[in-house]
Structures are given as structure tokens and as C-alpha cells.
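Here is the structure we will look at, set down as C-alpha cells.
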Amino acid sequence: MHYDHNAIEQKWQKYWAENQTFKAENNSEKEKYYVLDMFPYPSGAGLHVGHPLGYIASDIYARYKRHQGYNVLHPQGYDSFGLPAEQYAIQTGQHPAITTKENIARYREQLDKIGFSFDWSREVQTSKPDYYKWTQWIFIELFDSWYDNTSNKAQSIAVLIALFEKEGNTKINAVCDEDTPSFSAEEWNAFTEKEKEQLLLQYRLTYLAETEVNWCPKLGTVLANDEIVNGVSERGGHPVLRKKMTQWSMRISAYAERLLQGLEGIDWTESLKESQRNWIGKSVGAHVTFNVFDSVSETAAQGRYDQNSAHLSDDTISVFTTRPDTIFGVTFMTLAPEHALVKKITTSEQKPAVEAYIKATAKRSERERMADVKTISGVFTGAYAEHPFTKQPIPIWIGDYVLAGYGTGAVMAVPCGDQRDYDFAKHFHIPITNIFDGIDISEEAYGDKNNITITNSDFLNGLNYKKASYVAIKTLETQGQGYGKTNYRLRDAVFSRQRYWGEPFPVYYNNGIPKMIDKVHLPITLPQVEKYLPTETGEPPLGRADNWAWDTENAMVVSNDKINDKTIFPLELNTMPGWAGSSWYLFRYMDADNELELASKEALDYWQNVDLYIGGNEHATGHLLYARFWTKFLKDRNVLPVDEPFKKLINQGMILGTSAIVYRMSGTNTYVSKNLKEEYDVEEIRVDVNLVNASNELDVEGLKNWQPQFNNAEFILEDSKYIVGNEVEKMSKRWYNVVNPDDICNQYGADTLRLYEMFLGPLEQAKPWNTAGITGVHSFLKKFWRLFHTGKEGAFLITDTPITQLGESAKTLHKTIKKVQEDIENFSFNTSVSTFMICTNELTAQKCTSKEILEPLLILLSPYAPHIAEELWSCLGYSTSISTAEFPEFDASFLIESTKEYPISFNGKMRFKMELPLDLSKDEIEAAVMAHEKTQQQLDGRTPKKIIIVPGKIVNLVG
RNA sequence: GCUCAAGUGGCGGAAUUGGUAGACGCGCUGGAUUCAAAAUCCAGUUCUUUCGGGAGUGUGGGUUCGAUUCCCACCUUGAGUACCA
9 MHYDHNAIEQ
19 KWQKYWAENQ
29 TFKAENNSEK
39 EKYYVLDMFP
49 YPSGAGLHVG
59 HPLGYIASDI
69 YARYKRHQGY
79 NVLHPQGYDS
89 FGLPAEQYAI
99 QTGQHPAITT
109 KENIARYREQ
119 LDKIGFSFDW
129 SREVQTSKPD
139 YYKWTQWIFI
149 ELFDSWYDNT
159 SNKAQSIAVL
169 IALFEKEGNT
179 KINAVCDEDT
189 PSFSAEEWNA
199 FTEKEKEQLL
209 LQYRLTYLAE
219 TEVNWCPKLG
229 TVLANDEIVN
239 GVSERGGHPV
249 LRKKMTQWSM
259 RISAYAERLL
269 QGLEGIDWTE
279 SLKESQRNWI
289 GKSVGAHVTF
299 NVFDSVSETA
309 AQGRYDQNSA
319 HLSDDTISVF
329 TTRPDTIFGV
339 TFMTLAPEHA
349 LVKKITTSEQ
359 KPAVEAYIKA
369 TAKRSERERM
379 ADVKTISGVF
389 TGAYAEHPFT
399 KQPIPIWIGD
409 YVLAGYGTGA
419 VMAVPCGDQR
429 DYDFAKHFHI
439 PITNIFDGID
449 ISEEAYGDKN
459 NITITNSDFL
469 NGLNYKKASY
479 VAIKTLETQG
489 QGYGKTNYRL
499 RDAVFSRQRY
509 WGEPFPVYYN
519 NGIPKMIDKV
529 HLPITLPQVE
539 KYLPTETGEP
549 PLGRADNWAW
559 DTENAMVVSN
569 DKINDKTIFP
579 LELNTMPGWA
589 GSSWYLFRYM
599 DADNELELAS
609 KEALDYWQNV
619 DLYIGGNEHA
629 TGHLLYARFW
639 TKFLKDRNVL
649 PVDEPFKKLI
659 NQGMILGTSA
669 IVYRMSGTNT
679 YVSKNLKEEY
689 DVEEIRVDVN
699 LVNASNELDV
709 EGLKNWQPQF
719 NNAEFILEDS
729 KYIVGNEVEK
739 MSKRWYNVVN
749 PDDICNQYGA
759 DTLRLYEMFL
769 GPLEQAKPWN
779 TAGITGVHSF
789 LKKFWRLFHT
799 GKEGAFLITD
809 TPITQLGESA
819 KTLHKTIKKV
829 QEDIENFSFN
839 TSVSTFMICT
849 NELTAQKCTS
859 KEILEPLLIL
869 LSPYAPHIAE
879 ELWSCLGYST
889 SISTAEFPEF
899 DASFLIESTK
909 EYPISFNGKM
919 RFKMELPLDL
929 SKDEIEAAVM
939 AHEKTQQQLD
949 GRTPKKIIIV
959 PGKIVNLVG
């Protein structure tokens, strides 16, 4: 019997499906283990060989854990709301649900071919109403919550209302908008319903706010910061503008500190944690308020300053600084050109220059401002601020290196301690005060806050960074001009999209006030629309729906015609962003069919959270941050028992494509082979990589038939071959370098594909795909098959020889057990494949046919190549799946030897090898080595002064 | 600029606590088998050499009997991030 991978793989995939082999039970005595992949967006292009890489790794781990006796949850689903299906709908009029359904069917077919051990009974699709019902439910929970800084968790909004009624908001330590006014209980109780609602919105964890957003006219939608790359949209590369809009926002900033702290307890890579830390961007420092001099003192300030004649205006400038210790080094201040005070404080003399500068800055896009870091620009406003301690005047400038969106939009400039301030001061000839004892700042600023002593700073003299900061803050506090403050870069996340293919909000508007639909009436399903474009008036696509009003009496969606301002109200037209559904899906898998709850308490308590999460690192600051935020929130509200979603996370690297390039002589239809291209004037054209063989030789006839432009192509060959050039780049349709896993499965089998993807290189590293190399792995499987088929004409034949009689083979087996187990636990799947190859070669050479060796070996291989393992397992006479077999135990006693070949080196250089018994003492080894006849010949006549013996490893003679 | 990761044959990559560098696979070379091809099997394959050796893990130093591994400086590449006060 030869190894017929197609028949074997079909047979076992069918068997697993029919027997529900991988169905996980929610009630089990076994310990749980939850292995999850980042679920895919089902795009129309289908899977290429890069996509399954992470799925194969997680599948190996899931199968390994099953062998170890765990109850493993390993589900899969689809993140099926998203832009491509909607774009397709806009172009063709096809409902996105239909496209999505087709794409999912294609994905499923491709995934099934690879033999994953997914529990498909738990499949989720974010675009299905029975799923997004609970996305809407969580949204309502967020709306009904506020963040209490005292208990440091989210609480019900009812608690807050009760507090307002009793004592107003002055004593409440809650996260809210910065401009929230103070009010007493009496004032609260006197507010109208609308006023109350408006105030509550400033506290709710999801809220409506007029925000400046990134508006992409071409996509007709708002984008998050992380959806913009270099000032253009990530998808499509369209320009993005700033625009004010009323949007739903998520108060993720309330969780900034907990999102930061939570990183300590989870097993993620340091680089990933680092990017989340950077994104949260915590900085500790002080908020300082500077008084501004009245313009009366303007002339006085210009060189003839007299403190007695100076007057302070009512205006103040607040800044945030991480370096309160350097406050005596402040020699000017800089405001963002957009800062609200600029117009007010600018003197008449400086007005033309300032206005011209503001105009010039506004013209430059964010992108230009970002790209142009080198140019120093700014204008003096003519106004002066008062130093809080020296009371001296400080000139106030504006400059576009200060961003309106961060901190207060103003900085206190300390040129001696900050390079940007330094460059600015040098450029405009502003004085620089040195406040660092013994440090030269004549060439550049000294930004290091360690190992400094403050000088030239009155009461801070002689202190270091830490002490000086503390004293400065304390002194500012007593003056009422500042306080210690922690700033976060993390902004609240905009949660509205002007799109059709997303979750509708369970929200209607009564008199402009957003109201939640009662949870019992969920889901609110997407309405039918004629077209998927935004309306002519700029409303989102849901503005085209005829039946999109909420009847509060009958609790149902009704026709827009019936809106009456009393009982029937318009529904929200925006939909939720892509990350809504993916922020909590891991919990839905635990109890996917539950109609009464997000998931049952029993299921949530049993499965807890994801033990191992595998996916690409493009989600480092998006999905992974939002999912952590929602998990923490749902924990606060007692929905979940855990506050981190993913305990361990592995980022798999991308598999890159190898593009094939032909060289066309300019202006002709003649193509030159790669090594002759220097002799001609040529242009590069990418051709289908499937037309090229392992030696980069082009199938010339195939190319002629591939595209009409090549029908009459002529070729200049080398050695009668056409050799193509290569380029390693992202696998993509446009480069014609896509390799389809279906083709690989048909030709070599899923087991070969799985092994080869692992064999390509370390899981976390990016690596190019090269179909040529696959034959090595494939022939390993054929050799492995032959270990079991040694009878006449390859019939299945194994013996019962006990393992104790098989010295060498037993050693081979236990070496393999040890290595493979270590590899799986370290996610070094690539080296395991090598180990299997070596093991198979050794056993073949040993002519090993014993069941006692081959059976445990099968179990080792089964996570990697499950189909062949399952087939051979059944040949051994077992009626159950190999998945339930116990992982073999490593027994070191099989590896113990009585002698070992010691490398003998002299002065660190290897000289010769010597077989010595293992149980010799150091002295005995030394005596044996010195007695060895070879020793003297090898030492060039010198006598060793010292002998170093590393037990079991090496004997080193030192001259 | 900052942060992180990484530099090893023609190629992908091994060597995870310092101890025979280049496992395993691809490719290449030779051989066996075959009418022939495919497939399969065997041998060789870091470079260099006067066949004794010699050199060798990005570069230059250091620690050590011994360094791909540890330390310092530098170069290069990749990823992320950025006028963040």
C-alpha cells in the first residue's frame, strides 16, 4: 500500500465531522484549556498559504493539549462585518449578507481541507443577529455605566443618579468630560429631563459628543487614528480631513491606568506590551498655571521691565510638563497656533505676523506638518507670562511643533533640557538658561533626567530630578498655581461609522436625546436599503431605510412615516465599527447558542479566558486594546469572572510571496532571460508564480496562454531556458504571487502542508514561501508511512518486540519524545519537524518494526500530521480517534549510556576524541587522558599545566 | 529621533544554562536503478589549501582555558512609533 494522502485525508476529515471528535464539553471533570485564533474576515479572495500559518500552530497546540488530557476549547468563526463586502455591495447592489455568506462557505471549504480540530458547533459570525444582539446589549451596558475613581471600577448609572439627587456632583470622584460643571443636589433636582440627560452623557462610558474626527470623503466615513497611515486611509489610501461631527465615543481613557497595569500579569511578548504602553502613553509630571501680563505692561516688558508698573490680566496659560524640576530653566512659552488664547493675547504690533502664521499652518495638512520635522517655525505674540516663582516676564510664542490635541496645547519651554525647545530658542535668539550643574549645553540640550543636580534655581538648588520635582510641585500647590498630574496619550475611541454593513445601534432619539431600546427587544436588526451609499444629504446609508423608526408603545421597528414625537421616534443612523464585534467574541464561543445570556455563568466560570491566543501583530494597538477594555468593563459589571481576555499571546509572522519577474525589451514583445537582461534595455513585469518551476525556469507555453498580451511573445533564452527573476514581497493578487493552499493539499496533502508551513522557519518570524522546498517534507511522510508498511509489497506489518529489547530504537524514540515535547511547549514547531525526520531515518536504518516504538511515535506526530497518524492508528486496530490517546511519557533511563565520546581540546582548540566510561571520577579521566598515546602527539610537544574537565561535555588541556 | 527584534553556507534555517558551528530541508555535484524519464535510493556539498593544515557566525575591541552565545562601541536590516512637552 502506498501513501495515498487524498484518500486518507478525505476519510478522516469525514470521520471527525461525523463523530464530532473535537466537540468541547462545558461540563467536564478535566482541566480546561482554551486555544483561540484571531478569527478571519471572510474576504472574496479566499485563503492563501499565508493565512493558515497561525491556525496550524494553534491546532498543533490544541491537539497536544488534548493528548495531555485537557478539555480543549478550540473554536473558529468569522469577523464578518466590514468594508470590502460593503464596497462590493455599493458597486454591484448585491446585499453584503449574500457576499459574506458565499465567502464564508469558501473559507470553510478551504479550512476543512487542512484538517483543523475546530469545534464548529460553536461557530460565531459577528454579522448574525443572534450574535450582534449581544454586541448591542454590551453597548447598552456601557451607556448605563460610569467610572467611579474611588472604587476604581465601572458602576451602574443609577448609582450616580442617586448620588446626584443626594449631594450633587462636587464630592464625586468620577471620570467625566473636562468641561463638566459642578452642581448641588438642589440644582440637579431642578434640572429639566433634557439637562439631566445631557449631564449624564458627560459621565456615561459610551457617550455622544461633538468631536473632531478623521473624515474620509472618498470612503464616506470616519476613521480611527490607527486606521490612518501617513495621513491617508489604511484601506484604499484616500486623503483624510479633520471635521467636527456628533459621534458615539467610548470612554476607554477611564481604563488607561488599568490597561497599563494589566500588562504586567499577562504572558505577551515584551515588544507587544511595549507598543501598548506607548499607545497608552502615560507620563507623570505637573500641571502648571502661568499668569499672563496685561498688555499695559507691554512696552515695559520690552527691555525696560519694571515689576511695579506691571499688571496681570485675567488670562492664564496652563501647561503640562514632565519636568517640573526644570521650572527655573523656562525662558519662553509656546502655544499651538490653534490655542484659544492666541487671538486674545496677541499685541497689535504682532497681530499681522501671528495671523499670517496661523493661516500658513492651517493650510499645511497634518501630513505635511508631520513630514517636515526639521524646519523650525514660530512667531512671537508680543505677550508675556509671569514666571510663577521669579515673577519675571516670559515671552509667549506660537509654534506648530506644539500640538493642540495633546495636553493643554501649550508648553513651558526649557531649552536647556529639551532639544526641540533648544532648537527653537537658538533659531529665534531666545536666551537659554542652564540649570544643570556642571553640564555643557553649548551644543545641545541635556535631556537625560538622571544624574543631574539642579542649580541656578533658587530653592531647588542642589536637588536631583526626583526631589526637585517634588519640591516644585509642593510649592506650586501652596501658591495655587499647579499640582502633580499624570497624563495619558490614549484618547477616547470614536464608535460611530457612517456605514451600512455593521451593527445598528439600539438607540432612538427623543427630542434630540439618545434613548436606549430596552434590552428585552434586542436584537435591532439591520433594515433593508435600496442602495448602500450615503444619502445625498450626507447621512449614513441607514438614512435610506424606509422602516427605521422605533415605536415605544409596541416595542417594534416601524415605518419612518409614523414618526410622531410622542411614541414613535427616529432610530440612530450610524452603525458600530469593526472592532465592536471582535472585542468580546472569545466569550461567545463558550456558550454560542445561548439566547438568554451573552453566555451562561457556568460556561464563563468554567472557561474563564483564553489560555493561548494566536494572530498577527497588526492588531497590537487596535483589537487587542479594545478587547481588554471591554473585558475589564464587563468584569466590573459582574458579567465576566475575569478582567483580561488573553493570558498568553503569540504573534505569527507573515508568510511572504516570491514574485516571478520577466524582462521585456522596451517597446517590443520580446522577453529576455534573467542573466541576459543587462545587455538590453528592459522593463520588469510580474507573472504568475505558478508558471515557474523550482529552478526559476519559466513555462514559456504556459505564459503565452496566461494573458492575451503574451500570446505572441518572443523569448531570448539562456541554455535553452527562460530564467525568471525573484522578488520577496507580500502575497497579493496584484503581484500574481499567491499560492493557494487547495493546490498544495491536492498535490501533496494537508499533512505535508501543515508540516511544511511549520518547517519554513520560526513561527513568529516573517518568511518567504517557496513551493520547491515542500518535497523534502513530503518524502519524510512517505518514509514514515513505510516504517509501518514493511511487509510484502508494502503491506502493513509491525511486530510486538518489547521496547526493553530495542536498545537503539528505544533511545531514538525517547530522544524524540523529549525534543518534540520541549519544542511544542516553546512553540519551536520548525525544529520538531527536523526531529521527526531524523527519528524516521534512524528507525529506518535500524529496521525497527516494533509496535512499542511506533505507537508512541504516532501520537507525537499526530498534532502535526493528524490524518496520516489517524490512519496508521486505525491500522494498529484502535477504534477510537488518536486525539484521545495519551501523550507518551519521556523516560530518561533509555538515554543513559555507559561510555561517552569526549572531545579533548588543547588551549580551547579541538584535537581528538576519546571514548571514556561515564562513571569515572575527574581524577580518573585526567589519568586516562594523560595515559592516552595520542595525547603527546597532539600537544606539539608541550605539557599541559592544567586539565579542565566539564563532566559529560569536554576535557580541556591548558598549556 | 526613540523603542523592540535580528545579522550564521548558494537558500530557509539548527546550535535556548558559554563546551566538536553549519542539525534538518531545499538547491547543486557524482553514483545506483531505468530503453528513457519521473519517482526512489546511496555518497558528497562553509570557504581555502601545496591535502599537513589554515580561516570562519555583520565590524572592531573585551572577559574566559574556551564565545554564534556574555560585556562595550560601531555598522546594517526589519518591525513599531513619533514634533507627546
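All letters in the first sequence, in the order written, are residues 9 to 967 by my numbering. Note that the Cβ used here is the ideal one computed from N, Cα and C, for glycine as well. Quick caveat: nothing in here was measured; it's all calculated off a predicted structure.
If you follow the beta strand (DSSP E) that G975 is part of, which residue opens it and which one closes it? Residue 975 cannot be examined here, being either before or after the span of the chain that is shown, 9 to 967.
What does DSSP give as the partner residue(s) for L216 in the beta ladder? Note: L216 sits in a beta bridge opposite W256.
Contact belief for G390 with E346 at Cβ below 8 Å, rounded distance in angstroms: Contact between G390 and E346 does not hold, since the beta-carbon distance rounds to 18 Å and is not under 8 Å.
To the nearest angstrom, report how far apart P189 and T219 are at their CA atoms. Cα to Cα, P189 sits roughly 19 Å from T219.
Do you know offhand how far D759's Cα is from P50's? Taking the straight line from one Cα to the other gives about 24 Å.
If you run the structure through DSSP and keep just helix, strand and coil, what is F432? Shown here, F432 sits in a helix according to DSSP, grouped into three states.
With the cut-off set at 8 Å, would you say V650 and K656 are in Cβ contact? Contact check for V650 against K656 fails: the beta carbons are separated by 8 Å or more.
Cβ-Cβ separation, L471 to F336 (assumed contact under 8 Å), whole Å: Not quite, the Cβ-Cβ distance comes to about 11 Å (not below 8 Å), so this is no contact.
According to DSSP, is T107 helix, strand or coil? Here T107 sits in helix by DSSP.
Can you tell me whether R596 is buried or exposed, with buried defined as 16 or more other CB within 10 angstroms of its CB? Counting C-beta atoms within 10 angstroms of its own C-beta, R596 has 16 or more neighbours from the protein chains shown and is therefore classed as buried.
Out of F147, E195, N160 and L648, which one is the CA nearest neighbour of I169? Selected option, being the one with the closest Cα: E195.
Judging by CA-CA distance, which residue of A344, L320, L208 and Y365 is the nearest neighbour of K399? Comparing Cα positions, the closest option is L320.
Assuming T297 is part of the beta strand (DSSP E), what are its boundary residues? Segment S291 to F301, the beta strand (DSSP E) holding T297.
Quick one: what does DSSP say Q660 is sitting in, helix, strand or coil? Coil.
Beta-bridge pairing of L320 - partner residues as DSSP gives them: L320 pairs with F301.
Ignore the nearest five residues each way along the sequence and tell me which others in N720's own chain have a CB closer than 7 Å to its CB. Correct list, in chain order: N677.
In chain order, each alpha helix (DSSP H) run of at least 4 residues that lies wholly inside the stretch 139-208: Contiguous alpha helix (DSSP H) elements confined to the stretch 139-208 occur at 165-175 and 193-198, taking only those with 4 or more residues.
For M4, does the count of other Cβ atoms within 10 angstroms reach 16, so buried, or fall short, so exposed? In this structure the chain extends from 9 to 967, so residue 4 is not present and cannot be described.
Taking the runs of the alpha helix (DSSP H) that are 4 residues or longer, which of them lie wholly in the stretch 65-108? Uninterrupted alpha helix (DSSP H) stretches at least 4 residues long and entirely within the stretch 65-108 occur at 91-100, given in chain order.
Can you name the start and end residues of the alpha helix (DSSP H) that P864 belongs to? Counting along the chain, the alpha helix (DSSP H) containing P864 begins and ends at K859 to L869.
Thinking C-beta only, is A607 closer than 8 Å to M598? In terms of Cβ geometry, M598 and A607 form a close pair [threshold 8 Å].
How far does the beta strand (DSSP E) with E722 in it extend, from its first residue to its last? Following the DSSP letters along the chain, one finds E722 inside the beta strand (DSSP E) bounded by residues E722 to I724.
For A309, I'd like the list of residues in its chain whose CB is within less than 6 Å of its CB, leaving aside the five on either flank, ordered along the chain. Reliability of the predicted coordinates at A309 is poor, the pLDDT of 48 falling under 50, and the value obtained from them is presented with this limitation in mind. Excluding positions up to five away in sequence, the list reads Y392 and P401.
Can you check the stretch 34-70 for any beta strand (DSSP E) of at least 3 residues that lies completely inside it and give the ranges in chain order? Runs of the beta strand (DSSP E) inside the stretch 34-70: 40-45.
Would G425 be called buried (16 or more neighbouring beta carbons within 10 Å of its own) or exposed? Taking all protein chains in view, the Cβ of G425 is crowded by 16 or more other Cβ atoms within 10 Å, so the residue is classified as buried.
Taking the alpha carbon of W405 as the reference point, which residue from G710, Q755, V963 and H435 has its own alpha carbon closest? With respect to the C-alpha of W405, the residue from G710, Q755, V963 and H435 having the closest C-alpha is H435.
For E895, count neighbouring C-beta atoms within 10 Å of its own C-beta (all shown protein chains included) and say buried if the count is 16 or more, exposed if not. For clarity, residue 895 is Phe in the given sequence; the question names Glu instead. With a threshold of 16 other beta carbon atoms within 10 Å, F895 meets it and is buried.
What does the alpha-carbon distance come out to for the pair H59 and A600? A straight-line Cα-Cα distance of about 25 Å links H59 and A600.
Inter-residue spacing [alpha-carbon to alpha-carbon] between R507 and Y540: If you take the alpha carbons of R507 and Y540, they lie about 8 Å apart.
Determine, using beta-carbon pairs with one atom in the stretch 11-18 and one in the stretch 66-82, whether at least three such pairs fall under 8 Å. Taking a contact to require three or more Cβ pairs closer than 8 Å, the stretch 11-18 and the stretch 66-82 do not qualify as touching.
Check this for me: beta carbons of H970 and L903, under 8 Å apart or not? Here the chain covers residues 9 to 967 and nothing more, so residue 970 does not appear.
Around the C-beta of H246, are 16 or more other C-beta atoms found within 10 angstroms, so that it is buried, or is it exposed? So H246 ends up on the exposed side.
Report, in whole angstroms, the separation of the C-beta atoms of S465 and P332, which I expect to be a contact under 8 Å. Between S465 and P332 the beta-carbon gap is near 11 Å, outside 8 Å, which marks them as no contact.
State the Cα-Cα distance for the pair W615 and P83, rounded to the nearest angstrom. One Cα belongs to W615, the other to P83, and the distance between them is close to 12 Å.
Please determine, among V183, F444 and N582, the residue with the shortest C-alpha to C-alpha distance to V502. Between V502 and the set V183, F444 and N582, the nearest pair of CA atoms involves N582.
At what residues does the beta strand (DSSP E) containing V680 begin and finish? Looking at the DSSP string, the run of the beta strand (DSSP E) that includes V680 is T678 to V680.
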